[in-house]
Amino acid sequence: MMFLEKGDLHFVLDVLAGLGKLYVPAESNGITRFVPYGGEKTQVWLQTNTAISPKEILFPATETLYRYETGRGKETVKPVADHHAPLILFGIRSCDLQAITCLDDVFLDGEFVDELYRERRETATIIALSCAKAGPHCFCQSMGLDPLAHRQSDLQMYDYDQYYGLEANSDRGRLLLETLEKHDLLSVSGRENPVPALEFALEVETEGITEKLTGMFEHPLWEEVASKCLNCGICTYLCPACHCFDISEKLDNAHCGSKIRCWDSCMFSGYTRMAGGHNPRPGKRERVRERFMHKLCYFPQRYGKYLCTGCGRCLAKCPVGLEITKIMELVKEVENDA
Amino acid sequence: MMKQLIAQMQEIARELLETGIVQTVIGWEKGSRWYLSPPVFVRKPEDAGRLWYDQFAVPNLSGYLLDYRNKNEKVAVFVKGCDSRSVVRLIQDNQVRKENIVAIGVPCAGMRDQSAVNDEKEPHELPLLSKCLQCRYPNPVYADRTVGEAVVDKSLNVPDDLDAGTGLMGGDLTGDGSYVSSGIVERLEGLSSDDRYDFWQKAFSKCLRCYACRNVCPACSCRECIMDSEHSLWVGKGSSPTENMFNALIRAYHVAGRCTTCGECERVCPVGIPLMALNQFLGQEVNKLLEAYDAGIDETLKPPLEMYGWPDFDGLFRCAKGVRA
Amino acid sequence: MPEVAAFSGQRLAGVDDVRRINPLVPVQAQITRAITETHDTKTLYVVGLDGKVPFSLNPGQVAMLSLLGVGEGMFSGVDAGDHLEFSIKKVGALTGALHEVEPGQIVGLRGPYGNGFPLEFCRGKNLLFVAGGIGLAPLRSLVRFCIKHRSDFGGIHLVYGARTPGDLAFKGEIAGEWVAVEDFAISLTVDQGDRDWQHHVGFVPNLLRELKPAPDNTVCLVCGPPAMIKNSIVVLEELGFAAEEVLTTLEMRMKCGIGQCGRCNIGSCYVCLDGPVFRLADLKRYSSEY
Ligand code: SF4
Ligand code: SF4
Ligand code: SF4
Ligand code: FES
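In structure tokens form, the structure reads like this:
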């Protein structure tokens, strides 16, 4: 393991910024999120996970798929290629990295590959950061994650008091370490302080939940919990793992425009409404059920992992306290043959 | 005192459900943290014990009445003073039928500012929300039943000896995004129009278009919002500065003169946009231009922007007048 | 910056790569014919800009048709060898605009998506087609396949209903070609007949109950409005059809067609990727989801 003095962090960030497009967690415009590193004026924020997840870097809220022109027999379609320098994501927490692996499953690992996502993802170097404390809404441990490290990172940073301990998990991570060494920023003589286990205010039991939910599609629970939901997009938009999107038009004028893709939410009425007006998920019960079933039952069935990583963002911001941890408890309480 | 009040609330709910006067009672319950009292829907008399009330029962429950507008179901809803104004609005707009709802007034000495919590485990003192500091209707203006000291009373009843809060509607965005207290509307009015434009551009640049503000709002009652209309050429689905601004302006104008200043939109906004500053500002403008009006106080008075009368102060309908003459 | 190059070591995709790989970008295709089937349904013939069929479609597979500036929609198609056919009912803005297109016009096309009908499973069996309204469109691809490979299948029975005689699609094809096919029974019904109507009157499920088709060695393929599917299923169960032998092809709101946008799921399956053909047995738990 290599060590970095915490006071030298900004030198490291400066070096990283020279290697690619560097994103860091920061406070910006009154909210914490990942922003392009802009030197000293960037208010780097490393306390807990950010309010807005880093999903937006790899899977932007809105992006153009292609531009087009029409009119008098002339029709052209111009795909958009997102040429950019390689990405470096600094300070990614275990929950958010796990969520990125969920996005990978969806966008990269199937029969069809999303090129726009692939291009960003494949050029991205992920520098993970261990959590020094669990936030009030965190429950990643319950979701089977280790808040101190995630193997899918290129470089893992451990938070040790005055030092960061650095460990490479990939070639790219090793290359980064070499580069930082060349800049004389690392030393081998740090202390690998034993990190006390994190204290989680929130704990849930997940065992067997996928199997149990398989039989709970028609359970009255959904009606009960859904009434208070506002069907807003907060939970799904803040979630680092929610991947649903919409494709729609953006007209510049009568003859040209672009096809855009933007985040969508299973909570919205239009999500499943068909052109003729039929909507298989007409109300709150169906939509709330879909959200939790997708996260805890369908996604695990399809991809072998939960689509919830315990980041706690939806808990923190849901205006009516519809908490996924509570849902998991309620599901657990349901009699097995009910 | 609070215990007694809660017992009374549970009693009324039980009675309403047992006698079948209503099928659902919408109230608050004890949340998963000491500072949370989220909404709860009680449908069985035996569940009435879940009802709870304290200084964290911030959510205005009257917006849920919109879920019942197409149903022939009777529903009871607990309302604080400010919430009761939303019920009046909904009745005025024919969104709910008076005979289908039972509004139960509860007394409110002001709600506490959850954003000031610094210990999630141990309860501690919190300042009042600043909307509560400015409260003019601590008592319900409309209620079928009341609990505790709540009196249906239209008098201006300003609570005193309350400590200042900074959360919900007391804030202003400074350049670096941190909140400082003091009247945001006045501060905005003091800015040049360019600066004001920049302020709002910056504020709405972080809008997620999650529509929580709209969905929670008891004045946002359109059956289909133009923002959801798939083939609207007015606004696209993506988030971009112009489209976020369009969304914001449509909403602000649409609730102008109808907004009861319950502050729910600002409370729910996940990115902390000071939405109430817009609403308060437009409310003031309506009052200045048309007539002094307090939305949701008197169900017999129409909102100023929903009617037209002589004199036509800005000549909007000059030609119509010509035709008439 | 040599450091950067060493560090990234990555190839950046160009525009052509994106076009080649990004499955969300359509290819351009051309309408060669537009046939009016009923007052609200048209069939469009589509070829690539080179005049050839842009890709082949197995019976039951779907493709995304688009009009620039209007929108995209998923339709089941028929692969007619030298062109693709899409039968489109006018229900919204896109389908309305597609009804206006004229031969020569350019449209966007991407696909093929989904799994078609399980041809191997159907081979050697009797086939009972149960269709309502435009629901015959997706089944038509299989009907035509069966006609082409007639000896591979047993007896065919089509039970087809619509609201009025004027709402029955593919009347020409049914009366002109299908009636002439060997061992191909056709039962037509409408909710409301007119003076010239000589077939059944009533809903499809009721007609099924009356006709009592035998379940032995028979695969049943159902498609139509959700209510028709659900009620027919009840009757089919009464008649002794096993849930494994009843197939249906579903229509959902779709955006990506490739299992990513999330909206077309039924349980853990995506209609666009794993469907649109499902065995009834797999849908049972989620009957309210379509
Ligand atoms: S669960 Fe909460 S955040 Fe999610 S849609 Fe419902 S009200 Fe909004
Ligand atoms: S469901 Fe909630 S807690 Fe789980 S990953 Fe998404 S936002 Fe985080
Ligand atoms: S609640 Fe806030 S983020 Fe959501 S749409 Fe409204 S203004 Fe935008
Ligand atoms: S259409 Fe996007 S997942 Fe099926």
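Residue numbers (this note's numbering), protein chains in the order written: chain A, 878 to 1215; chain B, -17 to 307; chain C, 1021 to 1310.
The C-beta atom is built at its ideal place from N, Cα and C for all residues, glycine as well.
Please read all numbers here as calculations on a predicted model, not as lab measurements.
Leu1139 of chain C has its CB no nearer than 8 angstroms to any heavy atom of ligand 4. Boundaries of the beta strand (DSSP E) around Met1094 of chain C: Gly1091 to Asp1099.
Near ligand 1, meaning a Cβ closer than 7 angstroms to any of its heavy atoms, lie the following residues in chain order: A:Cys1106, A:Leu1107, A:Asn1108, A:Cys1109, A:Gly1110, A:Ile1111, A:Cys1112, A:Thr1113, A:Met1144, A:Val1165, A:Cys1191, A:Lys1194, A:Cys1195, A:Pro1196, A:Val1197, A:Leu1199 and B:Ala194.
Annotation for Asp1036 of chain A: the continuous beta strand (DSSP E) segment containing it runs Leu1032 to Tyr1037.
When CB distances to chain B are screened at a threshold of 7 angstroms, the residues of the stretch 1200 to 1211 of chain A falling below it are Glu1200 and Lys1203, in chain order. The beta carbon of Val983 of chain A lies closer than 6 angstroms to those of His1120 in the same chain, with the five residues before and after it left out. Within the model, the alpha-carbon separation for Gln266 of chain B versus Val57 of chain B is close to 34 angstroms. Counting along the chain, Met227 of chain B sits inside the alpha helix (DSSP H) bounded by residues Pro223 to Val237. Residues of chain A whose Cβ lies closer than 8 angstroms to the Cβ of Ser222 of chain B are, in chain order, Thr939. A Cβ-Cβ contact shorter than 9 angstroms links Pro122 of chain B with Val88 of chain B.
Within chain B, Arg15, Val99, Glu102 and Lys103 have C-beta atoms less than 9 angstroms from the C-beta of Pro1013 of chain A, given in sequence order. Close partners of Cys1143 of chain A in chain C (Cβ separation under 8 angstroms): Gly1282 and Arg1283. In this structure, the beta-carbon distance from Glu55 of chain B to Thr1 of chain B does not fall below 9 angstroms. Among the bridge pairs identified by DSSP, Gly1128 of chain C is matched with C:Gln1048 and C:Ser1086. The C-beta of Val237 of chain B has 16 or more other C-beta atoms within 10 Å across all chains shown, which makes the residue buried. Taking a C-beta distance under 9 angstroms as the contact criterion, Phe1095 of chain C and Leu1085 of chain C qualify as a contact pair.
Comparing alpha carbon positions, the residue from C:His1103, C:His1059 and C:Ile1126 closest to Ala1049 of chain C is C:Ile1126. Taking a cut-off of 8 angstroms for Cβ pairs, the stretch 1033 to 1047 of chain A and the stretch 1068 to 1088 of chain A touch, as three or more such pairs fall below it. For His1155 of chain A, the nearest CB of chain C lies under 9 angstroms from its own CB, placing it at the interface with that chain. One Cα belongs to Leu980 of chain A, the other to Arg910 of chain A, and the distance between them is close to 18 angstroms. Sequence-distant Cβ neighbours of Trp1099 of chain A in its own chain, meaning closer than 7 angstroms and more than five residues away, are Arg1162, Val1165 and Arg1166. By the C-beta density criterion, Pro1097 of chain A is exposed, having fewer than 16 other C-beta atoms within 10 angstroms.
Proximity of Pro1046 of chain C to chain A, defined by a Cβ-Cβ separation below 9 angstroms, is satisfied. For Gly1134 of chain A, the enclosing beta strand (DSSP E) covers residues Cys1133 to Trp1140.
Closest option to Val69 of chain B, judged by alpha-carbon separation, among B:Glu288, B:Ile279, B:Leu283 and B:Pro285: B:Ile279. Interface with chain C (9 angstroms Cβ-Cβ cutoff): Gly907 of chain A is excluded.
Shown here, Ala1152 of chain A sits in coil according to DSSP, grouped into three states, outside any helix or strand.
Residue-level contact by beta carbon fails for Val1066 of chain C and chain A, as no gap is shorter than 9 angstroms. Sequence-distant Cβ neighbours of Leu1267 of chain C in its own chain, meaning closer than 8 angstroms and more than five residues away, are Phe1137, Pro1138, Val1239, Cys1240, Leu1241, Val1242, Val1297, Phe1298, Arg1299 and Leu1300. Proximity of chain B to Asp991 of chain A at the Cβ level (cut-off 9 angstroms) is not reached, the minimal Cβ distance being about 17 angstroms.
Taking C-beta atoms as the reference points, His1169 of chain C and Ser1207 of chain C fail to come closer than 9 angstroms.
Contact between the stretch 957 to 974 of chain A and the stretch -13 to -2 of chain B is absent: fewer than 3 CB-CB pairs across the two stretches fall below 8 angstroms. Leaving aside the five residues that flank Leu260 of chain B on each side, the residues in its chain whose CB is nearer than 6 angstroms to its CB run, in chain order, Ala234. In terms of CA proximity to Ile1286 of chain C, C:Leu1303 leads the group C:Ile1278, C:Leu1303 and C:Lys1275. Contact note: Asp1123 of chain A reaches chain B through Lys219, using a C-beta cutoff of 8 angstroms and chain order.
Under the three-state reduction of DSSP output, Met1272 of chain C falls in the coil class, being neither helix nor strand.
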